[in-house]
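Take the sequence shown: its letters are residues 9 to 158, numbered as in this note's numbering.
Glycine included, C-beta positions come from ideal geometry on N, C-alpha and C.
Working notes, beginning with the structure itself.
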Amino acid sequence: MNKIILMGRLTRDPEVRYGGAQNMAIARFSLAVDRRFKRDGQPEADFFNCVAFGKTGEFVEKYLHKGTKVLVEGEMRNNNYESKKHPGETVYSFEVNVNQVEFAESKAASQANAGAPVPQAPQQQAEKPEDAADSFMNIPEGIDQDLPFA
């Protein structure tokens, strides 16, 4: 099985081109993934080259930019080739073929990380009790006779 799941931030804006018989989107981007444990003198992140095709590539083109935090799921592929500078020498490279992309933070958090002002949510009309731990609406007593499905 070949499956990889990464969460990180784009290190640059995606590069998108269209090609192939069906003129499909091909989006390339790089993802910086923070390391869980850091040692002195070691890098704090790993960098992964990613490529997304078709509808996923179009999504990347439309919604992602440098600094966006995303969760990607895909397959690790090796793209080995012969060096042009040193004929006969094989160069080993890896990239993630992305199958799915999901945002890993809210739009407001993304804008805050980018240094942009975060729009404030409008004030709610009804006051919520301070002890309410969830977002469910409180239903007054005796209302069940007015409900058509009760």
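I'd like to know whether the C-beta atoms of residue i and residue j end up nearer to each other than 9 Å.
| i | j | result |
| --- | --- | --- |
| Leu18 | Val99 | no |
| Asn105 | Phe55 | no |
| Lys63 | Ala33 | yes |
| Lys92 | Arg20 | no |
Excluding five sequence neighbours on each side, which residues of the same chain lie with their C-beta closer than 6 Å to the C-beta of residue i?
| i | result |
| --- | --- |
| Gly16 | Leu39, Ala40, Val41 |
| Glu23 | Arg36 |
| Asn107 | Glu81, Gly82 |
| Asn88 | Thr98, Tyr100 |
Please report the distance separating the alpha-carbon of residue i from that of residue j.
| i | j | result |
| --- | --- | --- |
| Pro110 | Val80 | Before going further, note that residue 110 is Glu rather than Pro in the sequence given. Spanning the two alpha carbons is a distance of roughly 7 Å. |
| Glu113 | Phe45 | 22 Å |
| Ser101 | Val68 | 22 Å |
| Leu72 | Leu14 | 15 Å |
| Arg43 | Pro51 | 8 Å |
| Ala120 | Val59 | 27 Å |
| Asn86 | Asn31 | 24 Å |
| Asn57 | Arg25 | 16 Å |
| Asn53 | Gly27 | According to the sequence as given, residue 53 is Ala; it is not Asn. For Ala53 and Gly27, the distance between alpha carbons rounds to 32 Å. |
| Lys115 | His94 | 47 Å |
| Ala124 | Lys70 | Reliability fails at Ala124, whose pLDDT of 45 lies under 50, so the model's placement of it is uncertain and the value that follows must be treated cautiously. In a straight line, the C-alpha of Ala124 is about 19 Å away from that of Lys70. |
| Arg47 | Glu66 | 38 Å |
Can you list, in chain order, the residues of its chain with a C-beta nearer than 7 Å to that of residue i? Leave out the 5 residues immediately preceding and following it.
| i | result |
| --- | --- |
| Ile12 | Gly82, Glu83, Met84, Val104 |
| Asn10 | Glu83, Met84 |
The beta strand (DSSP E) with residue i in it runs from where to where?
| i | result |
| --- | --- |
| Asp21 | Asp21 -> no beta strand (DSSP E), and no H or E assigned at all. |
| Met32 | 32 to 42 |
| Asn57 | 53 to 61 |
Considering only residues of the same chain and omitting the five flanking positions on each side of residue i, which have a CB-CB separation below 8 Å?
| i | result |
| --- | --- |
| Glu90 | Gly96, Glu97, Thr98, Val99 |
| Gly49 | none |
Going by the C-beta, is residue i closer than 8 Å to any heavy atom of the ligand NAP?
| i | result |
| --- | --- |
| His94 | This structure simply doesn't include the ligand NAP, nor any ligand for that matter. |
Complete beta strand (DSSP E) runs within the region 68 to 112 (minimum length 3 residues, chain order) = 77 to 86, 102 to 111
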